[in-house]
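Before any comments, here is the structure.
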Amino acid sequence: NAGVTQTPKFHILKIGQSMTLQCTQDMNHNYMYWYRQDPGMGLKLIYYSVGAGITDKGEVPNGYNVSRSTTEDFPLRLELAAPSQTSVYFCASGEATYYYEQYFGPGTRLTVT
Amino acid sequence: AQKITQTQPGMFVQEKEAVTLDCTYDTSDQSYGLFWYKQPSSGEMIFLIYQGSYDEQNATEGRYSLNFQKARKSANLVISASQLGDSAMYFCAMREASNSGYALNFGKGTSLLVTP
């Protein structure tokens, strides 16, 4: 049981390039989330999904896109990368239990330069 | 408006002492949940403790307890008998019933340093 896995762990991207951050969970959770954490700050919600085929924007969606074709995978796409997207990206998954606890992946540290 | 406020950017505590990390929240929902996460220097987010808005007793998990004062909208984390391994960033977060997909709103965090 791997939980939530993210790839890559680190990446340096040039301004204007695009890339996809991968996220996979093996807990059969319906809810999945992408957050970003800027230096010295808490996490902010980029996008979320309540099930396969259903996604919606969070607080800071500009410059990103997501898709959810399966329960397990929730990739985050960065188009035309900008320095402001330098951040640590966390994927999380959860289920509507008492806690609604979210399980976090290890994060992807992305630098856009 | 900030939903979660953590007013202590940094805290020091001596090993074996207790420490309280402050968290206040803002919501108009009747049903909500409050979480504390630990983020060590390695970067992962570790769930520590949860308090539901309808829970009458304060949550406890080992050395962690949550001092929940609903009328004051505060949910302070108490770490008893601090250990060197407790040095980390600590984040308070809230899940509201009205939140998008039950997503969490996070505070800016408190950096805790435990000294020998």
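Those protein sequence lines, which keep their order, are chains A and B. Heads up: the first sequence is residues 1 to 113, going by the working numbering. Heads up: the second sequence is residues 1001 to 1116, going by the working numbering. Beta carbons: idealized from backbone N, C-alpha and C, even for Gly.
| query | result |
| --- | --- |
| Identified DSSP bridge partners for Thr97(A) | Answer is none; Thr97(A) lacks a bridge partner. |
| DSSP-derived helix/strand/coil call for Gln102(A) | strand |
| Rounded C-alpha distance that separates Tyr89(A) from Cys1023(B) | 24 Å |
| Closest by C-alpha distance to His29(A), when choosing among Tyr47(A), Met19(A), Arg109(A), Gly3(A) | Gly3(A) |
| Those runs of the beta strand (DSSP E) which lie wholly inside the segment 1057-1107 of chain B and span at least 3 residues | 1064-1069, 1074-1079, 1088-1096, 1104-1106 |
| Per DSSP, the bridge partner or partners of Gly1052(B) | Gly1033(B) |
| Three or more C-beta pairs below 8 Å linking the segment 62-73 of chain A and the segment 96-113 of chain A | no |
| Boundaries of the beta strand (DSSP E) in which Phe1012(B) is found, first to last residue | 1010-1014 |
| Beta-carbon spacing of Gln85(A), Val60(A) below 7 Å | no |
| Sequence-distant residues of the same chain with beta carbon closer than 6 Å to Tyr33(A), five excluded per side | Tyr48, Ala92 |
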